[in-house]
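Protein chains in written order, with numbering that gives the first Met the number 0: chain G, 0 to 399; chain U, 0 to 399.
There are 2 protein chains.
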Amino acid sequence: MAGRSQARSHLPGHTTASGIRYKGRTDLMLAVLDPGTTVAGVFTRSCMASAPVDWCRAGLKKGRARAIVVNSGNSNAFTGRKGKEAVRQTAQGAADTVGCKPGEVFIASTGVIGEPPPAEKIVAALPGLHRAASPAAWDAAATAIMTTDTFAKGATRTAKIGGARVVINGIAKGSGMIAPDMATMLAFIFTDAAIPPRVLQVLLNDANARSFNSITVDGDTSTSDTVILAATGKGPKHKKVSRAGDPHLREFRAKLESLMQDLAHQIVRDGEGAQKFVTITVAGAASESAARRIGLAIGNSPLVKTAIAGEDANWGRVVMAVGKSGEKANRDKLKIKIGGVLVAKNGAVLPGYDEAPVAAHMKTRDIAIEVDVGVGKGRATVWTCDLTHGYIAINADYRS
Amino acid sequence: MAGRSQARSHLPGHTTASGIRYKGRTDLMLAVLDPGTTVAGVFTRSCMASAPVDWCRAGLKKGRARAIVVNSGNSNAFTGRKGKEAVRQTAQGAADTVGCKPGEVFIASTGVIGEPPPAEKIVAALPGLHRAASPAAWDAAATAIMTTDTFAKGATRTAKIGGARVVINGIAKGSGMIAPDMATMLAFIFTDAAIPPRVLQVLLNDANARSFNSITVDGDTSTSDTVILAATGKGPKHKKVSRAGDPHLREFRAKLESLMQDLAHQIVRDGEGAQKFVTITVAGAASESAARRIGLAIGNSPLVKTAIAGEDANWGRVVMAVGKSGEKANRDKLKIKIGGVLVAKNGAVLPGYDEAPVAAHMKTRDIAIEVDVGVGKGRATVWTCDLTHGYIAINADYRS
């Protein structure tokens with residue numbers, strides 16, 4: 000924390016949480032970052048992006064962060080001028096509290112769309128949060144950013160950069176409106192490595208494509224999706240890195256991707272109403288991104304997802320979903336495996352196909368679908384969950 | 000019917016139905032068409048199209064039809080060489096029965112994907128169907144093509160072409176895997192007008208864009224979607240028409256569109272698990288097709304559809320869906336009406352917005368959502384239904 004804790008910590012950054020809106024749970028998080036912290040971010044591609052997303056995009060230009068404020072009661076999306084003003088007030092409040100410029104404050108919000116947020120209450124709570132901030136408060140922070148999540152989501156990794164071991168910590172929230180680019184998904188990742196903002200941004204983009212942009216719960220994309228990666232530079236001194244391709248960053252990149260996939264999987268496992276975790280691997284596509292789009296067409300198909308909920312080995316619906324993806328696929332070379340068992344190849348069901356082992360796999364909690372579309376070398380993996388009565392129950396009633 | 004019924008009928012074409020697979024319901028339809036009948040068709044855009052779709056596309060090149068065979072027990076999709084052979088056998092059987100060329104037989108199938116269909120049983124049933132064919136069997140025909148439909152779908156219109164009154168009849172089936180381009184949707188439309196195939200195709204394409212391609216139940220696109228429009232030319236003699244823009248066709252075009260919208264609405268009302276019928280009107284888009292894509296993004300959003308199921312006036316989810324559509328929209332000019340009541344404009348909720356009348360509208364069966372995205376003059380209307388526990392129940396269990 001600024002001026003108070005320059006000491007080495009295995010948990011870079013200091014976080015704290017407070018409750019404003021909901022009784023029985025906290026809904027405001029403050030993360031305080033050491034001076035000199037660099038920052039990168041990826042955001043929703045929605046053209047209806049929330050006021051906090053607009054604010055963060057502007058803040059990234061300087062690439063420095065000293066505080067992150069997250070409110071999980073109100074998304075501050077589609078709130079017009081009032082919403083913009085609420086963000087400005089919050090940033091000013093946090094800057095005053097932490098001792099930095101408003102442009103070094105990053106803000107994320109999630110919750111109901113269309114109601115201006117209680118900025119004054121948020122600002123009033125910040126000094127208390129700042130006093131309570133501690134490197135050990137990650138659980139509380141992960142809990143504070145939850146909405147319909149049923150469990151708090153966190154992950155940690157270490158990686159060596161030129162012999163020095165740095166730490167990466169992350170927290171995230173789901174759990175509906177989850178689709179690439181990126182869903183009502185917030186994630187905050189902190190490392191004590193020293194990495195310039197432009198390099199950090201490339202590392203984040205790459206890992207994001209194979210993690211948060213490769214999951215889907217319901218195909219709906221939030222106005223508020225935010226992933227922020229902050230590097231405090233307060234870990235053990237390591238070799239200076241000035242480009243993303245630096246071989247010294249190889250382990251860090253791998254561990255960052257692993258941590259982000261871990262968080263992404265937690266979001267899917269906690270998908271609204273989810274009973275099953277589904278891994279969809281697409282090979283033989285025209286490119287990696289084509290493979291990802293085919294995987295998402297399968298992962299977003301209500302008919303595929305309900306079949307999985309019903310434990311029905313209905314691979315015909317996988318064929319349907321590949322067909323509707325809009326990507327190149329060769330019907331007469333299509334190959335499908337479920338639970339590792341070959342079901343169809345060359346555009347038809349396997350001669351003498353025995354459904355028994357596949358039916359048994361469908362009864363497990365972790366479902367694996369592999370598809371080869373037979374046109375190229377593009378590969379991608381996408382993760383999703385099933386579509387259940389629970390999803391309907393949560394979303395036909397939510398908003399209180 | 001060939002050689003037997005050249006007489007004028009208000010129901011152009013003769014249809015009949017038989018049962019092969021399911022006890023308690025028929026699942027095979029034969030429509031017999033007078034010599035000289037012209038034909039047009041539109042089909043799924045899935046790259047996994049079924050064998051019957053391949054067959055029909057080829058048949059359209061000659062533009063003549065004498066018989067349509069529809070089987071609703073098995074889609075004959077993803078069935079490889081066996082599926083192709085089954086189609087050929089069926090066409091040959093129908094040609095022998097009716098007395099025409101196999102290329103004048105059109106075939107559509109719907110049902111389970113991936114199992115070769117019982118072609119021999121179908122062929123064996125055709126002579127009996129042919130004997131029973133009657134201009135009065137439309138109800139039976141509409142029933143024979145049903146799968147999970149809960150009611151048979153038909154519509155009729157008349158239109159004047161240059162003073163002569165012609166008839167248009169149509170039947171259709173839904174009711175899941177319904178999304179534009181075009182869903183497991185089969186529709187067969189018959190008129191006694193005399194219209195050359197190329198003109199007929201243009202009329203069908205235009206009406207299709209504003210009917211079957213403007214509905215969605217679940218966003219899933221079938222491998223088997225087929226709409227066939229056949230013109231027997233056996234109605235009252237009318238002025239010859241040689242181009243789609245002929246002013247004499249104006250009323251016919253309007254009535255064809257009206258009939259196809261009627262059938263499309265019936266499909267949506269019978270959408271799997273549907274409790275509400277939703278009309279989404281998008282204005283202010285960059286083009287008509289952009290407006291349609293925005294409407295479909297709203298109509299396909301699980302969060303919008305579950306909110307409607309829950310009778311929740313959650314217009315924030317409409318904002319979210321516009322944002323994810325990928326089409327141009329001006330957040331700060333966005334306007335939303337629900338049930339005719341202005342809810343939001345200029346990118347924010349209406350000052351003093353009173354939810355009461357909107358909440359009352361949400362409790363009705365027919366829901367109207369209007370959106371103006373503030374960038375252009377493109378308009379389109381899309382129809383959908385809500386997403387309910389019923390959809391999950393039907394699709395987590397279907398496939399017997």
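Here a beta-carbon is modelled for each residue, glycine too, at the ideal position from N, C-alpha and C.
For the alpha helix (DSSP H) that residue i lies in, which residues bound it at each end?
{"i": "G:K61", "result": "It is not in any alpha helix (DSSP H) - G:K61 carries neither H nor E in the DSSP assignment."}
{"i": "G:T383", "result": "Counting along the chain, G:T383 falls outside any alpha helix (DSSP H), though it belongs to the beta strand (DSSP E) covering G377 to C384."}
{"i": "G:S288", "result": "E287 to N299"}
{"i": "U:I266", "result": "R249 to R268"}
{"i": "U:T190", "result": "Element bounds for U:T190: not the alpha helix (DSSP H) but the beta strand (DSSP E), L185 to T190."}
{"i": "G:K83", "result": "G79 to V97"}
{"i": "U:V38", "result": "Not the alpha helix (DSSP H): U:V38 falls in the beta strand (DSSP E), residues T37 to F42."}
{"i": "U:R242", "result": "No alpha helix (DSSP H) contains U:R242, which DSSP labels as neither H nor E."}
{"i": "U:A208", "result": "P196 to A208"}
{"i": "G:V321", "result": "G315 to K323"}
State the start and end residues of the unbroken beta strand (DSSP E) segment that holds residue i.
{"i": "G:M28", "result": "L27 to V31"}
{"i": "G:K334", "result": "K334 to I337"}
{"i": "G:K344", "result": "V340 to K344"}
{"i": "G:A229", "result": "T225 to A230"}
List the whole-angstrom C-beta distance separating residue i from residue j, where the pair is believed to meet the contact cut-off of C-beta under 8 angstroms.
{"i": "U:S210", "j": "U:Q260", "result": "5 angstroms"}
{"i": "G:V226", "j": "G:D191", "result": "Incorrect: roughly 19 angstroms between the Cβ atoms, too far for contact."}
{"i": "G:V31", "j": "G:V104", "result": "Contact flag wrong, Cβ pair sits at about 10 angstroms."}
{"i": "U:A85", "j": "U:P101", "result": "Not quite, the Cβ-Cβ distance comes to about 13 angstroms (not below 8 angstroms), so this is no contact."}
{"i": "U:M47", "j": "G:V318", "result": "5 angstroms"}
{"i": "U:A158", "j": "U:E250", "result": "5 angstroms"}
{"i": "G:A107", "j": "G:A66", "result": "Actually they do not touch by this definition, with Cβ atoms about 12 angstroms apart."}
{"i": "U:I112", "j": "U:A76", "result": "5 angstroms"}
{"i": "U:V281", "j": "U:A243", "result": "About 26 angstroms; that fails the 8 angstroms criterion."}
{"i": "U:I266", "j": "U:G173", "result": "4 angstroms"}
Starting from the beta carbon of residue i, find every residue of chain G whose beta carbon is closer than 7 angstroms, and list them in chain order.
{"i": "U:P350", "result": "By Cβ distance, chain G contributes nothing, its closest Cβ being about 10 angstroms from U:P350, past 7 angstroms."}
{"i": "U:L203", "result": "Residues of chain G passing the Cβ test: none, with the nearest at roughly 22 angstroms."}
{"i": "U:T305", "result": "I391, N394 and A395"}
Which partner residues does residue i have in the DSSP bridge list?
{"i": "G:D365", "result": "G:F276"}
{"i": "U:N70", "result": "U:L27 and U:S108"}
{"i": "U:G158", "result": "In the sequence as presented, Gly is not what sits at residue 158 of chain U; that position holds Ala. For U:A158, which the question treats as bridged, DSSP gives the partners U:V165."}
{"i": "G:A171", "result": "G:K152 and G:A186"}
{"i": "G:D371", "result": "G:A282 and G:K334"}
{"i": "G:V303", "result": "According to DSSP, G:V303 bridges with nothing at all."}
Residues of chain U with CB closer than 8 angstroms to the CB of residue i, please, in chain order.
{"i": "G:V318", "result": "M47, A76, F77, I112, G113 and T222"}
{"i": "G:A171", "result": "Near G:A171 there are no residues of chain U at all, since even the closest Cβ is about 19 angstroms away, more than 8 angstroms."}
What in chain G is Cβ-close to residue i, meaning under 8 angstroms?
{"i": "U:V321", "result": "C46 and M47"}
{"i": "U:H360", "result": "Those do not exist, as U:H360 stays about 16 angstroms from chain G at its closest Cβ, beyond 8 angstroms."}
{"i": "U:A343", "result": "F77 and G113"}
At 9 angstroms on the CB atoms, spell out the chain G contacts of residue i, in chain order.
{"i": "U:A347", "result": "F77, T78, G79, R80, K81, G82, G113 and P115"}
{"i": "U:W382", "result": "Residues of chain G passing the Cβ test: none, with the nearest at roughly 17 angstroms."}
{"i": "U:T387", "result": "I391 and A395"}
{"i": "U:A328", "result": "C46 and M47"}
{"i": "U:G315", "result": "S74, A76, F77, V111, I112, G113, E114, T222 and R398"}
List, in order along the chain, the chain U residues whose C-beta lies closer than 9 angstroms to that of residue i?
{"i": "G:A308", "result": "I391, N394 and A395"}
{"i": "G:G377", "result": "Those do not exist, as G:G377 stays about 15 angstroms from chain U at its closest Cβ, beyond 9 angstroms."}
{"i": "G:A57", "result": "Those within 9 angstroms of G:A57 in chain U number zero; the least Cβ separation is about 16 angstroms."}
{"i": "G:A50", "result": "The contacting residues do not exist; G:A50 stays about 10 angstroms from chain U at best."}
In chain U, what lies closer than 7 angstroms to residue i by C-beta?
{"i": "G:F300", "result": "According to the sequence displayed, residue 300 of chain G carries Ser and not Phe. Chain U residues near G:S300: D219."}
{"i": "G:W54", "result": "Correct list: empty, because the minimum Cβ distance to chain U is about 14 angstroms."}
Taking a cut of 8 angstroms between CB atoms, which residues from the region 242-269 of chain G lie near chain U?
none
Chain G contacts made by the region 129-155 of chain U, where a contact means CB separation under 8 angstroms
none
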